[in-house]
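Residue numbering for the sequence shown follows the working numbering, starting at 1 and increasing by one per position.
C-beta: ideal position from N, C-alpha, C; glycine also.
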Amino acid sequence: MAAAPPVDQTIKKKHKQRRRICGLRTYILGAYTYVSELWRKKQSDVMRFLLRVRCWEYRQLPSIVRVNHPTRPDKARRLGYKAKQVFSSWWISYLLLYICIHRAFVEVGAYTYVSELWRKKQSDVMRFLLRVRCWEYRQLPSIVRVNHPTRPDKARRLGYKAKQVFSSWWIGYLLLYICIHRAFVEGYVVYRVRVRRGGRKRPVPKGIVYGKPTNQGVTQLKFQRSKRSVAEERAGRKLGGLKVLNSYWINEDSTYKYFEVILVDPAHNAIRNDPRINWICNPVHKHRELRGLTSAGKKYRGLRGKGHLNHKARPSRRATWKRNNTLSLRRYR
């Protein structure tokens, strides 16, 4: 009579039989295998949510942007990507590893934070700020001087400088103290301008237009220039001794649009002695805003584009028409 098998072996056999019956098998899966299985189930709730959120994020970024690591590491590894770095010396490896760890905490400047805030105008913070500020602007005149730019990052990019140059250090500190308390910087000035929204009605008495039927329109006419250009024009006419440098949008409601216009005092020593801005002191730059020489003016003149598709806009549409429709005949030919 054969001897009975040990108790331990009997228990193991029973467990194997149960697993086979139930169709259960235990696998030890790596991280890449788990990720690969996730990406194979793109219709699952988790992946649909992830893809939707990431797609929204990608739409806010440029068309070509560098990423810190692959979104699909398993796929990238299969296609040849290697997340490793080889150095010739061990201490260089540790040094660069230390640098990489500390660079993970990116130091962002104040202007970058402000710029990101203004890019998210639909956020709760910006909606509240814009609404409160817009109420304040409505109580003030249409053209009013501001102590400092509402958007300092934008103003700096467009040429504004909050600085003052003095010949002596103690005079500099003294006048700097005065400037801080007076809350303005000489040489550069910022004005807020309010422009009414909507189209331009033809200024004819009682809506009577004398002429051909094709020119009978009174309403639904669109002004050729932008509201920003109109704001620059009004600021330039109001402040004839200053020269318009640039402008930018700050707010709007159902009735008005608000812009801040950067103006420069061409007679100020800080401007005349600065080689980066003293070009505006030249007399040929008088009333740049009235002749379409500012950024907003060049935009409505069609001078933003380049190449053969835009050659008819240069030097201007009227000059191009005149050049193409003028017959010049020499006396001796």
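**OP:** Specify whether the stretch 226–236 and the stretch 286–302 touch according to this definition: at least 3 beta carbon pairs, one from each stretch, less than 8 Å apart.
**Re:** yes
Original post:
Ordered along the chain, which non-local residues of its own chain (more than five positions away) have a Cβ less than 7 Å from that of residue 266?
Top reply: 243, 280 and 281
Original post:
Below 7 Å between beta carbons: does that hold for residue 195 and residue 153?
Top reply: no
**OP:** State the Cα-Cα distance for the pair residue 305 and residue 326, rounded to the nearest angstrom.
**Re:** 26 Å
Subject >> Selection from 30, 162, 204 and 202 that minimises the alpha carbon distance to residue 188 >> reply: 162
Original post:
Residue ranges of each alpha helix (DSSP H) run of no fewer than 4 residues wholly in the stretch 281–325, ordered along the chain?
Top reply: 295–300 and 317–324
Original post:
Got a sec? Which residues, its chain only, sit under 6 Å from residue 142 by beta carbon, not counting five neighbours each side?
Top reply: 194
**OP:** Quick one: residues in its chain with C-beta nearer than 6 Å to the C-beta of residue 145, no 5 flanking neighbours on either side, listed in chain order?
**Re:** 191
Subject >> Local conformation of residue 259 per DSSP, three classes >> reply: strand
Subject >> the stretch 72–81 / the stretch 28–46 touching (three or more Cβ pairs under 8 Å) >> reply: yes
Original post:
To which residues does DSSP link residue 252 through a beta bridge?
Top reply: 257
**OP:** Give me the Cα-Cα distance between residue 317 and residue 81, rounded to the nearest whole angstrom.
**Re:** 54 Å
**OP:** Can you give me the start and stop residues for the beta strand (DSSP E) that residue 143 sits inside?
**Re:** 143–146
**OP:** For residue 322, count neighbouring C-beta atoms within 10 Å of its own C-beta (all shown protein chains included) and say buried if the count is 16 or more, exposed if not.
**Re:** exposed
Subject >> Terminal residues of the alpha helix (DSSP H) in which residue 137 lies >> reply: 124–138
**OP:** Measure the Cβ-Cβ separation of residue 301 and residue 292 and say whether it is below 7 Å.
**Re:** yes
**OP:** Give me the Cβ distance between residue 149 and residue 160, rounded to the nearest whole Å; I'm assuming they're in contact under 8 Å.
**Re:** 6 Å
Subject >> Own chain, CB closer than 8 Å to residue 120, minus 5 neighbours either side, in chain order >> reply: 126
Subject >> Residue(s) in a DSSP beta bridge with residue 194 >> reply: 258
Subject >> Residues near residue 222 in its chain [Cβ-Cβ closer than 6 Å; skip 5 each side] >> reply: 199
**OP:** For residue 23, I'd like the list of residues in its chain whose CB is within less than 6 Å of its CB, leaving aside the five on either flank, ordered along the chain.
**Re:** Confidence at residue 23 is low in this model, with a pLDDT of 49, below 50, so the placement of that residue should be treated as unreliable; the coordinate-derived value is given next. Cβ within range, chain order: n/a, list empty.
Subject >> Selected residue, minimal CA-CA separation from residue 262, among 158, 30 and 108 >> reply: 158
Original post:
Nearest to residue 247 by alpha carbon, out of 288, 218 and 278?
Top reply: 288
**OP:** List the endpoints of the continuous alpha helix (DSSP H) containing residue 153.
**Re:** 152–157
Original post:
When the distance is taken between beta carbons, is residue 134 closer than 7 Å to residue 253?
Top reply: yes
Subject >> Range of the contiguous alpha helix (DSSP H) that encloses residue 56 >> reply: 45–59
Original post:
Along the chain, where does the alpha helix (DSSP H) that runs through residue 118 open and close?
Top reply: 110–119
Original post:
For residue 255, which of 129, 211, 197 and 314 has the nearest alpha-carbon?
Top reply: 197
**OP:** Give the DSSP bridge partners of residue 246, in chain order.
**Re:** 262
**OP:** Could you pull out every residue in the same chain whose Cβ sits closer than 7 Å to the Cβ of residue 123, ignoring the five residues on either side in sequence?
**Re:** none
Original post:
Per DSSP, which one or two residues make a beta bridge with residue 188?
Top reply: 264
Original post:
With 16 as the cutoff for other CB atoms within 10 Å, does residue 319 come out buried or exposed?
Top reply: exposed
Subject >> N- and C-terminal bounds of the alpha helix (DSSP H) containing residue 33 >> reply: 31–40
Subject >> As assigned by DSSP and simplified to three states, the class of residue 208 >> reply: coil
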